[in-house]
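Down below is the structure, laid out as structure tokens.
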Amino acid sequence: MSVRSVAIETNDGVCPASLLNPREGTFPAVIFFMDAPGIRPTLVEMAHRLASHGYVVLLPDLFYRAGPYDPVEPAALFADPEKRAQFAKFYTSTSLAKARADTAAFLSFFDAQPSVKGSKVGCVGYCMGGGMALTAAGAYPDRVVAAASFHGGRLATGHAESPHLLAPKMRGRIYVACAENDPSFPEDQRILLEQSLTDAGVRHVIETYAGARHGFAVPDNPSYDPGAAERHWTSLLKLFREMLEP
238 MSVRSVAIET
248 NDGVCPASLL
258 NPREGTFPAV
268 IFFMDAPGIR
278 PTLVEMAHRL
288 ASHGYVVLLP
298 DLFYRAGPYD
308 PVEPAALFAD
318 PEKRAQFAKF
328 YTSTSLAKAR
338 ADTAAFLSFF
348 DAQPSVKGSK
358 VGCVGYCMGG
368 GMALTAAGAY
378 PDRVVAAASF
388 HGGRLATGHA
398 ESPHLLAPKM
408 RGRIYVACAE
418 NDPSFPEDQR
428 ILLEQSLTDA
438 GVRHVIETYA
448 GARHGFAVPD
458 NPSYDPGAAE
468 RHWTSLLKLF
478 REMLEP
């Protein structure tokens with residue numbers, strides 16, 4: 238396994254990222270869209286696990302527009318209103334529209350990597366990254382053949398950037414894992430997303446993980462659920478195996 242730091246030119250500056258290669262050779266590529274607490278060791282470890290299954294994984298720091306920051310511990314961040322307020326400038330520095338533009342740069346970056354096999358890519362996102370993964374699938378349907386969202390929030394809202402509005406443009410397969418207890422993705426949004434994907438003829442699965450809370454898949458979250466997390470890995474790897482590998 239090789240892990241190296243890279244810098245990717247975007248329309249808004251330079252996005253730092255980690256690029257993980259499982260070993261020598263060529264492999265399908267995956268974009269890993271981070272959650273709201275930002276880049277930290279836990280996400281790198283998750284990207285490492287994903288890469289170990291035979292994927293070139295790009296983990297970009299989507300908060301680059303707001304400048305550098307020290308890794309945070311979600312439990313401490315969520316428990317301290319002052320810390321949350323200070324960190325808000327990073328969270329609000331990105332959006333679905335900005336992530337959509339950044340994804341074009343990420344795809345161009347993959348095109349220049351000798352370790353990347355083919356042009357088709359997968360996307361996975363957690364929390365805010367879930368909506369970004371679905372947005373990438375709708376914005377770049379010729380490239381993104383598989384997109385997964387885990388405890389993603391606000392996937393079907395009245396906002397002009399809502400991912401469900403891109404369903405008619407999606408050509409890849411979509412997997413959405415909802416937490417049973419997640420105010421950021423209530424039942425009415427699940428129904429709307431399901432209907433939008435169905436009406437557009439998108440191959441998809443939307444599942445609710447019973448008993449799970451928002452953040453269940455990420456080990457350093459207070460809501461981490463080991464059983465639900467392992468289920469997430471099984472579902473994610475199945476999706477990528479079926480869509481990215483010959």
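The numbering used here numbers the first residue of the sequence shown as 238 and each following residue consecutively.
Yeah, the Cβ is synthetic: ideal placement off N, Cα and C, and Gly gets one too.
What you are looking at is a predicted structure, and each value in this text was computed from that prediction instead of being measured.
Where residue i falls: helix, strand or coil (DSSP)
i    : result
A393 : coil
F270 : strand
I443 : strand
F264 : strand
E482 : coil
A449 : strand
L280 : helix
A437 : coil
E431 : helix
P308 : coil
T471 : helix
L299 : coil
P181 : Residue coverage of the chain in this structure runs from 238 to 483, which leaves residue 181 outside it and unanswerable.
A313 : helix
Burial state of residue i, where buried means 16 or more other Cβ atoms lie within 10 Å
i    : result
Q323 : exposed
A316 : exposed
V309 : buried
P274 : buried
H469 : buried
I268 : buried
M283 : buried
P405 : exposed
R460 : The sequence given here places Ser at residue 460; Arg does not occur at that position. Classification for S460: buried.
Q426 : buried
Within 8 Å, strictly: CB atoms of residue i and residue j
i    : j    : result
M369 : F270 : yes
A385 : Y412 : yes
I276 : D249 : no
A437 : Y363 : no
A416 : A393 : no
T340 : Y377 : yes
L333 : T372 : yes
T445 : A338 : no
H285 : L474 : no
Rounded Cβ spacing between residue i and residue j (contact assumed at less than 8 Å)
i    : j    : result
A266 : Y301 : Not a contact, Cβ separation roughly 20 Å.
H451 : S421 : 6 Å
P311 : D457 : 6 Å
Handout entry: Complete runs of the alpha helix (DSSP H) confined to the segment 333-419 [at least 4 residues]
Key = 333-348, 365-376
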